[in-house]
Amino acid sequence: GPLAGLERMRLVSMMLGRDMAEVRRDGVAGFAADGHAAARTPVLTADGLTRRHQLDEVSLSLHAGEVLGLGGLL
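If you read the sequence shown in the working numbering, its first letter stands for residue 75, the second for the next number, and so on.
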């Protein structure tokens, strides 16, 4: 497809809106490295989501400034 030749870290930097050097240096794009996300109240929390044959006890917390990607197969 059209993204077949796109380097993984380049895609990550495009998604985060940060320079590739920043993403590589920090390893976490600087969001979690500063420790702020862990100290704040989550903007979204899901605990124990279950849907027959699709989800089994999925839990997550999302903080302001974090990027969440979900994917799956049919």
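For every residue, glycine included, the Cβ atom is placed at its ideal position computed from N, Cα and C. Quick caveat: nothing in here was measured; it's all calculated off a predicted structure.
Asked, Found
"Coarse secondary structure for A95, derived from DSSP in three states", "helix"
"Residues bridged to L150 [DSSP beta-bridge criterion]", "Nothing in the structure corresponds to residue 150, since the chain is present only between 75 and 148."
"Residues bridged to L154 (per DSSP)", "Because residue 154 is not part of the residues shown, which for the chain are 75 to 148, the question remains open."
"Residue closest to S133, alpha-carbon to alpha-carbon, out of G139, M83, L85, A120", "A120"
"Buried or exposed by the 16-neighbour rule on C-beta atoms within 10 Å, applied to V97", "buried"
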